[in-house]
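Peer 1: Sending over a structure as structure tokens; questions will come in a sec.
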Amino acid sequence: LRARRDTGPACTSRSAAPKPPLKQLKAQNTSKHAQRTMKIKVLARSARREARDSGDQKFARRNLDPGQHPFAAAREHQRAVVAAKLERMMAKPFVCALDGHRDAPTCLAAPRRGQLVQCASGGADGEVRAWDLASRSCVWRGAAHTGPVRGLSLSRDGASLLSCGERQVKRWRLEIAASTGGALERADAGHVVPLETWTSDGSINDVDASWHAGAAGAFCTAGADGVVEVWDAARTSPARRWTWGSDNVFKARWNPAEPSLLCAVSRDRACTLYDARAKTALRRTILGMPCRALAWNPREPTTFVVGGEDGRCLTFDVRSLNRPRLIHEGHVGAVADVAFA
């Protein structure tokens, strides 16, 4: 049995496989280790170079290969469009401040045509100032009223200024002369006297000069107790007087195209159209809220804008006052004034 076990097929096959030599085994182990090795590169960077002085942000590296960024052009275009929109949205319209009033400014007036003075303002202390926007300085001033100045209006030629306060309307001459250097001479405030003075029966809230050259210095006033008056410069009493209701009339404005048409807004939420040739009002509409601001569109004289206490600006057409053509919203408080550039 022992001989058969030694000479069996299993024993024969085991003895048929010879063992490899020691050098061959070492060569095989060396080749296996060579296949498993990998290369490691270490980058050494200085902390002073990579970090800023403040230490808040790290230095960012970018791969500038165009092949790695196929959408770079579209992305930069989108970023440029968004940046332009944000710049317009966040742009501050403030340009400069005109300092000089000792009390709060109460009214502002701008010329209808390019004249010597670009802006006039009235304060709560009764002082009226004319400003040159190029030099941002006061070129004329005068103590116009004992109380606050409630309304200002420059004449069509820009040579005179109308101011109203309490029960009086005064016309002032703007004594301004241009020099060779472009600067304007300042008038002496101590010797300024009004050219003309008109006195009304009640208090006056606003004044507006006519746009037309043939009006001979006509102007209109808005007063208390629902009174709107049209004045002639050659008369001491109003040429036309309308009364509707008993509430204050805040604003009254002449139409820039029609010499005899004017509009007024009052405390009783009414917007009324008047004709200087008629004894009664032409048309009247009741709004949702009282409006304290009023302006005609000089490019489209058939439309006007009113600013209400609910923060909205309503655009109306004189041919249809049933509903506004446009509604502008966005103010969080009452609209104090509106104007067209």
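To convert, count from 1 in the sequence shown and add 837; that's the numbering used here.
Beta carbons are placed, not taken as given, at the ideal position from N, Cα and C, and that holds for glycine.
On a predicted model such as this, the values are computed, not experimentally measured, just so you know.
Using DSSP with H/G/I as helix, E/B as strand and the rest coil, what is Pro1096?
Peer 2: Three-state DSSP puts Pro1096 in coil, outside helix and strand.
Peer 1: Where does Leu923 sit, in a helix, a strand or coil, going by DSSP?
Peer 2: Reduced to three states, the DSSP call for Leu923 is helix.
Peer 1: Evaluate Leu1099 with the Cβ neighbour count: other Cβ atoms within 10 Å of its Cβ, from every protein chain shown; 16 or more gives buried, anything less gives exposed.
Peer 2: Buried is the call here.
Peer 1: Between Asn1042 and Gly1170, what straight-line distance do the alpha-carbon atoms span, to the nearest angstrom?
Peer 2: Straight-line Cα distance between these residues: approximately 21 Å.
Peer 1: Please classify Gly1082: does DSSP put it in a helix, a strand, or coil?
Peer 2: Gly1082: coil per DSSP, three-state reduction.
Peer 1: Which same chain residues, not among the five before or five after Arg939, have their C-beta less than 6 Å away from its C-beta?
Peer 2: Result list for Arg939: Asp962, in chain order.
Peer 1: Do Ser1097 and Arg1114 come within 7 Å of each other at the CB atom, strictly closer than that value?
Peer 2: Yes, Cβ-Cβ distance for Arg1114 and Ser1097 is below 7 Å.
Peer 1: Count the other CB atoms, across all protein chains shown, that sit within 10 Å of the CB of Pro903; report buried if there are 16 or more and exposed otherwise.
Peer 2: The residue is exposed, with fewer than 16 neighbouring Cβ atoms inside 10 Å.
Peer 1: Which class does Pro903 belong to by DSSP, given the choice of helix, strand or coil?
Peer 2: Note: Pro903 maps to helix in three-state DSSP.
Peer 1: What residue from Gln955, Val1044, Gln1005 and Gly1051 has the CA that sits closest to Glu1033's CA?
Peer 2: Looking at the Cα atoms, Gln1005 is the closest of the given residues.
Peer 1: With distances taken Cα to Cα, identify the nearest neighbour of Asp1038 among Glu1066, Ala1071 and His914.
Peer 2: When only C-alpha atoms are compared, the closest one is Glu1066.
Peer 1: Just the Cα atoms here: how many angstroms apart are Met926 and Ala1046?
Peer 2: Taking the straight line joining both Cα atoms gives about 36 Å.
Peer 1: Sorted by chain position, which residues of the same chain lie with C-beta nearer than 6 Å to Ser958's C-beta, five sequence neighbours on each side aside?
Peer 2: These residues qualify, in order along the chain: Pro942, Leu945 and Arg966.
Peer 1: What would DSSP say about His914, mapped onto helix, strand or coil?
Peer 2: DSSP places His914 in helix when its eight states are reduced to three.
Peer 1: Please list, in chain order, all residues of the same chain as Ile1123 whose beta carbon is under 7 Å from its beta carbon, the five residues on each side excluded.
Peer 2: Once the five neighbours on either side are set aside, the close Cβ partners of Ile1123 are Arg1106 and Ala1107.
Peer 1: Given this structure, state the Cα-to-Cα distance separating Leu1055 from Glu1166, to the nearest angstrom.
Peer 2: With the sequence shown as reference, residue 1055 is identified as Ala, and Leu is not the correct amino acid for it. The alpha-carbon atoms of Ala1055 and Glu1166 are separated by roughly 35 Å.
Peer 1: Can you give the Cα-Cα distance for Glu964 and Ala934, rounded to whole angstroms?
Peer 2: Answer to the nearest angstrom: the Cα atoms are 18 Å apart.
Peer 1: Cα-Cα, which of Gly1145, Leu1110, Phe1141 and Glu1146 is closest to Asp1154?
Peer 2: Nearest C-alpha to Asp1154: Phe1141.
Peer 1: On a Cα-Cα basis, can you pick out the residue from Arg978, Arg1162 and Arg1010 that is closest to Gly960?
Peer 2: That would be Arg978, whose Cα lies nearest to the Cα of Gly960.
Peer 1: Roughly how many angstroms lie between the CA atoms of Trp1035 and Glu1003, to the nearest whole one?
Peer 2: Their Cα atoms are separated by approximately 11 Å.
Peer 1: In the DSSP assignment, what are the bridge partners of Pro942?
Peer 2: DSSP, once it has assigned bridges, lists Gly960 as partnering Pro942.
Peer 1: Taking DSSP as the reference, what is the three-state secondary structure of Ala1132?
Peer 2: Ala1132: strand per DSSP, three-state reduction.
Peer 1: Going by C-alpha to C-alpha distance, which of Gly984, Phe931 and Ala1101 sits closest to Asn1085?
Peer 2: Per the Cα distances, Ala1101.
Peer 1: Which residues share a DSSP beta bridge with Val1143?
Peer 2: BP columns for Val1143 point to Leu1131 and Leu1151.
Peer 1: Which same chain residues, not among the five before or five after Ala1118, have their C-beta less than 7 Å away from its C-beta?
Peer 2: Answer for Ala1118: Trp1079, Trp1081, Thr1109, Leu1110 and Tyr1111, listed in chain order.
Peer 1: Looking at the secondary structure, which residues open and close the beta strand (DSSP E) in which Ser974 lies?
Peer 2: Where Ser974 is concerned, the enclosing beta strand (DSSP E) stretches over Ser974 to Ala980.
Peer 1: Evaluate Asp969 with the Cβ neighbour count: other Cβ atoms within 10 Å of its Cβ, from every protein chain shown; 16 or more gives buried, anything less gives exposed.
Peer 2: Buried is the call here.
Peer 1: Within 10 angstroms of the Cβ of Pro930, are there 16 or more other Cβ atoms? Answer buried if so, exposed if not.
Peer 2: Exposed is the call here.
Peer 1: Among Gly1060, Ala1050 and His1168, which has the Cα closest to the Cα of Arg993?
Peer 2: The option with the nearest alpha carbon to Arg993 is Ala1050.
Peer 1: Would Ala1089 and Ala1052 qualify as a contact pair, given that the criterion is a beta-carbon distance under 7 Å?
Peer 2: Going by C-beta atoms, Ala1089 is not nearer than 7 Å to Ala1052.
Peer 1: Compute the distance between the beta-carbons of Asn1134 and Phe1087, then report whether it is under 7 Å.
Peer 2: Against a cut-off of 7 Å, the Cβ pair of Phe1087 and Asn1134 comes out as no contact.
Peer 1: Can you tell me whether Gly1054 is helix, strand or coil according to DSSP?
Peer 2: Three-state result, Gly1054: coil.
Peer 1: Could you name the residues of the same chain whose beta carbon sits closer than 7 Å to that of Arg1149, not counting the 5 residues immediately before and after it, in chain order?
Peer 2: Around Arg1149: Ile1164, His1165 and Glu1166.
Peer 1: Does DSSP put Ala909 in a helix, a strand or coil?
Peer 2: If DSSP states are grouped into helix, strand and coil, Ala909 belongs with the helices.
Peer 1: Compute the Euclidean distance between the alpha carbons of Thr983 and Pro1031, then round it to the nearest angstrom.
Peer 2: Rounded to the nearest angstrom, the two C-alpha atoms are 14 Å apart.
Peer 1: Please confirm whether Ser997 and Ala981 have their CB atoms less than 7 Å apart.
Peer 2: Contact: no.
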